[in-house]
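Asks: Here the sequence shown is numbered in our numbering, starting from 1382 and rising by one per residue. Pasting a structure below so you can have a look.
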Amino acid sequence: MTNTSRIAKNTLMLYFRQILILLVSLYTVRAVLEALGAQDYGIYNVVAGVVVLFSFVNNAMASSTQRFLNYALGEGDEEKARDVYSASLAVHALIALGFVLAAETAGLWFVHTRLNIPEARKTAAELVYQCTVATTVFNIIRVPYHAVIIAYERMGFFAGLSIVEAALKLAVVFVLLPARADKLELYGFLLAAVALVILGCYKAYCNRTFKPAHYRRVRDKRLVKEILSFSGWSLFGGAANVANSQGTNIVLNLYTDVTVNAAMGIANQVNAAVYSFVGNFQTAFNPQIVKSWASGDKSDFFRLIYLTAKTSFFLLLFIVLPLYLNADTVLRVWLTEVPAHSVSFVRLILIWSLIESLNGPLVMSVQAQGQIRTYQLIVSVFIMLNLPGTWIAFMLGASPEWLLYIRILLLAATGIWRVFYLRKKLGLSVRKFFSTVLFRCVAAFGMSFAVSWYIWRCFADNVTVQFFVSCAAAVAVSAVCILFVGFSRMERKTAATAVRQRLVRK
């Protein structure tokens, strides 16, 4: 199977997975919000945010494990891949231990003394915190197994187990709704149980299927040093992302109340569901990006970067545009109780997602070449400005929406810097990226939004008609703009030829 065919097959499987997960998640979030109420749902989000503050070390190791496994397999060295797996498993066990120590000292102190939680719910919040710590530990240990599956591009199993995980979380909701026990406490406990079950499934499959997925003592100290060095610099990016998301969520709690945290939690759930479509697409491409660099095929490497960035943006546009226009209607139908600021938060975070979709392949290309010290330092400075920026804005009396305005501006600035950094380090053509990717994406988006917004406004008197007509129009207009503005004539010709060949083959 060719690389292109493998990517296409993996993408289709991941898309099928995500459609099912999205449908389940839409109901799950609504049911959880209904069962817990806005106050308890907000408490869960802000308490979970404290735990995530300590998990950025694990996120850094996850990207390192994925990168080194892909690189070893790109070189065709399974013995080195086994060493990478063994080293990462040992390091993740240490990370889990360190995480528990930090969470049970500084984290617990923060929950007790700094979070704005109603007195009557503090006991429940503390229990949920402990359950979230356990969930995070299980997810930390899961990372090496997940990395092996992605590196070998076994997306079928990954997709299937993800669907099982979503189904188990749906089962949690069915247990939660009629329960007489404290529902917030029960919710935290059951999510921890689900995480443990999924970890067991990952471990059993990897140990049975992949030769490198068997632990042995690593004697190549140089490899361990390389992995730890790469991970160490990735910590800056991890810390910045925590400050960008969970840190600002805590600042939001300090200046508002838990219902606004609930609104941000809903927006983050929508963003996670929507962006996961692009995340799946990029997951299918990422192993090939790293392997093409490891094999020395620069032409294919740059081709994959341009293709992944542009296609990611366009795939996301099909979902973002209808949802942006009809955010108010969707939230009112989806949720029984819509917290204040939810609509504006959802719309702003969708814009953030569009910009982020262009950054994904740029980040992976930096990780592929392995020299990330300067990159992580500068990107971390960009991103970590979000926390003091938000804090100052709230001190000056800004509305909660300014949290996302600042996040969007900093993400755009970071993305532009990444392009110029890659020109210097890897030889990326800035002119080609701007002309073939950025300019075409912005032009297609601008035209699609203008026409779709006008059509949406024309049916403002009837919400039902407005929803269906504007959704259909947004998809149709986006398709036309993407086809004739987003893609060049040569790209359209290549795609048409590929489709004809596939039809003839059938």
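Here a beta-carbon is modelled for each residue, glycine too, at the ideal position from N, C-alpha and C. Note that this is a predicted model, so its numbers are computed, not measured.
Which term fits V1846, buried or exposed, when burial requires 16 or more other beta carbons within 10 angstroms of its beta carbon?
Replies: The residue you call residue 1846 lines up with position 465 of the sequence shown. It is exposed - the Cβ of V1846 has fewer than 16 other Cβ atoms within 10 Å.
Asks: Hey, which unbroken runs of the alpha helix (DSSP H) at 4 residues or more fall wholly within the segment 1579-1645?
Replies: Within the segment 1579-1645, the complete alpha helix (DSSP H) runs of at least 4 residues are 1602-1623, 1629-1636.
Asks: Sorted by chain position, which residues of the same chain lie with C-beta nearer than 8 angstroms to W1733's C-beta, five sequence neighbours on each side aside?
Replies: Numbered from its first residue, the sequence shown carries residue 1733 at position 352. Around W1733: N1652, L1785, R1788, I1789, L1792.
Asks: Judging by CA-CA distance, which residue of L1557, C1822, W1798 is the nearest neighbour of V1811?
Replies: If you number the sequence shown from 1, residue 1811 lands on position 430. If we check each option's Cα against that of V1811, W1798 comes out closest.
Asks: Please list, in chain order, all residues of the same chain as Y1533 whose beta carbon is under 7 angstroms from its beta carbon, the five residues on each side excluded.
Replies: The residue given as residue 1533 occupies position 152 in the sequence shown. Excluding positions up to five away in sequence, the list reads F1591.
Asks: In whole angstroms, give me the CA-to-CA distance for G1541 and R1398.
Replies: On the sequence shown, position 160 is the one that residue 1541 refers to. On the sequence shown, position 17 is the one that residue 1398 refers to. Cα-Cα distance, rounded: 7 angstroms.
Asks: Considering only the beta carbon of each residue, do P1781 and A1419 sit closer than 7 angstroms?
Replies: By 1-based counting over the sequence shown, the position of residue 1781 is 400. By 1-based counting over the sequence shown, the position of residue 1419 is 38. It is not a contact, given that the beta carbons lie outside the stated cut-off.
Asks: Quick check: is the beta carbon of I1764 nearer than 7 angstroms to any beta carbon in chain B?
Replies: The structure shown contains no chain B; it is built from a single protein chain.
Asks: Short check: CB of A1825 to CB of C1862, under 7 angstroms?
Replies: Counting from one through the sequence shown, the residue named residue 1825 turns up at place 444. Counting from one through the sequence shown, the residue named residue 1862 turns up at place 481. In this structure, C1862 lies closer than 7 angstroms to A1825 by Cβ.
Asks: Sorted by chain position, which residues of the same chain lie with C-beta nearer than 7 angstroms to L1633's C-beta, five sequence neighbours on each side aside?
Replies: Against the sequence shown, residue 1633 aligns to sequence position 252. These residues qualify, in order along the chain: V1641, N1642, M1645, P1781, L1784.
Asks: If you reduce the DSSP assignment to three classes, tell me which class T1710 lands in.
Replies: To locate residue 1710, count along the sequence shown from 1; it is residue 329. Of the three classes helix, strand and coil, the one that applies to T1710 here is helix, per DSSP.
Asks: Rounded to whole angstroms, how far is the Cβ of L1450 from the Cβ of V1465, which I believe are closer than 8 angstroms?
Replies: What you label residue 1450 is simply residue 69 of the sequence shown in a count that begins at 1. What you label residue 1465 is simply residue 84 of the sequence shown in a count that begins at 1. Yes, L1450 and V1465 are in contact; Cβ-Cβ is about 5 angstroms, under 8 angstroms.
Asks: Would you call the segment 1690-1697 and the segment 1769-1778 touching, i.e. three or more CB-CB distances under 8 angstroms?
Replies: With a cut-off of 8 angstroms, the segment 1769-1778 and the segment 1690-1697 do not count as touching, because too few Cβ pairs lie within range.
Asks: So, helix, strand or coil for F1868, using DSSP?
Replies: As a position in the sequence shown, residue 1868 is number 487, starting the count at 1. Three-state DSSP puts F1868 in coil, outside helix and strand.
Asks: Got a sec? Which residues, its chain only, sit under 7 angstroms from L1558 by beta carbon, not counting five neighbours each side?
Replies: In the sequence shown, counting from the first residue as 1, residue 1558 sits at position 177. The answer, listed in chain order, is A1412, A1416.
Asks: When the distance is taken between beta carbons, is L1454 closer than 7 angstroms to Y1596?
Replies: Numbered from its first residue, the sequence shown carries residue 1596 at position 215. Numbered from its first residue, the sequence shown carries residue 1454 at position 73. Taking 7 angstroms as the Cβ cut-off, Y1596 and L1454 do not qualify as a contacting pair.
Asks: Output needed for A1794: all residues of its chain with C-beta closer than 8 angstroms, excluding positions within five of it in sequence on either side, in chain order.
Replies: Within the sequence shown, the letter at position 413 stands for residue 1794. Only F1763 meet the Cβ criterion.
Asks: Evaluate the contact criterion for the segment 1662-1682 versus the segment 1733-1745: three or more CB pairs, one atom per stretch, below 8 angstroms.
Replies: The segment 1662-1682 vs the segment 1733-1745: in contact.
Asks: Can you say whether G1867 is buried or exposed, counting buried as having 16 or more other CB atoms within 10 angstroms of its CB?
Replies: As a working mapping, residue 1867 is identified with position 486 in the sequence shown. Buried, by the Cβ-count rule.
Asks: With DSSP collapsed to three states, give me the class of V1657.
Replies: Position 276 of the sequence shown, counting from 1, holds the residue named residue 1657. Reading off the sequence, residue 1657 comes out as Ser, not Val. Residue state, collapsed to three classes: helix.
Asks: Taking its Cβ as the centre, do 16 or more other Cβ atoms sit within 10 Å of S1869, making it buried, or is it exposed?
Replies: In the sequence shown, residue 1869 corresponds to position 488, counting from 1. Result: exposed.
Asks: How many whole angstroms separate the CB atoms of F1840 and L1702, which I take to be in contact at a CB cut-off of 8 angstroms?
Replies: Translated into the one-based positions of the sequence shown, residue 1840 becomes position 459. Translated into the one-based positions of the sequence shown, residue 1702 becomes position 321. About 16 angstroms; that fails the 8 angstroms criterion.
Asks: Please go through the segment 1422-1497 and give each complete alpha helix (DSSP H) segment of 4 or more residues, from N-terminal end onward.
Replies: Whole alpha helix (DSSP H) segments, 4+ residues: 1437-1455, 1459-1483, 1489-1494.
Asks: What does the Cβ neighbour count give for N1588, buried or exposed, with the cut at 16 atoms within 10 Å?
Replies: Position 207 of the sequence shown, counted from the first residue, corresponds to residue 1588. Counting Cβ neighbours within 10 Å, N1588 comes out exposed, since fewer than 16 surround it.
Asks: In whole angstroms, what is the alpha-carbon distance linking I1730 and V1410?
Replies: Working through the sequence shown from its first residue, we reach residue 1730 at position 349. Working through the sequence shown from its first residue, we reach residue 1410 at position 29. I1730 and V1410: Cα-Cα distance of roughly 17 angstroms.
Asks: State the Cα-Cα distance for the pair F1820 and Q1511, rounded to the nearest angstrom.
Replies: Residue 1820 sits at position 439 when you count from the first residue of the sequence shown. Residue 1511 sits at position 130 when you count from the first residue of the sequence shown. The alpha-carbon atoms of F1820 and Q1511 are separated by roughly 48 angstroms.
Asks: Rounded to whole angstroms, how far is the Cβ of Y1526 from the Cβ of V1671, which I believe are closer than 8 angstroms?
Replies: Looking up residue 1526 in the sequence shown gives position 145. Looking up residue 1671 in the sequence shown gives position 290. That pair is no contact at about 19 angstroms.
Asks: Return the chain-ordered list of same chain residues with a C-beta closer than 7 angstroms to the C-beta of S1445, the five sequence neighbours on each side being excluded.
Replies: The sequence position of residue 1445 within the sequence shown is 64, counting from 1. For S1445, where only same-chain residues beyond five positions count, the Cβ hits under 7 angstroms are I1608, F1611, S1612, S1615.
Asks: In terms of residue numbering, what span does the alpha helix (DSSP H) encompassing A1888 cover?
Replies: No statement about residue 1888 is possible, as the shown extent of the chain runs from 1382 to 1887 and does not include it.
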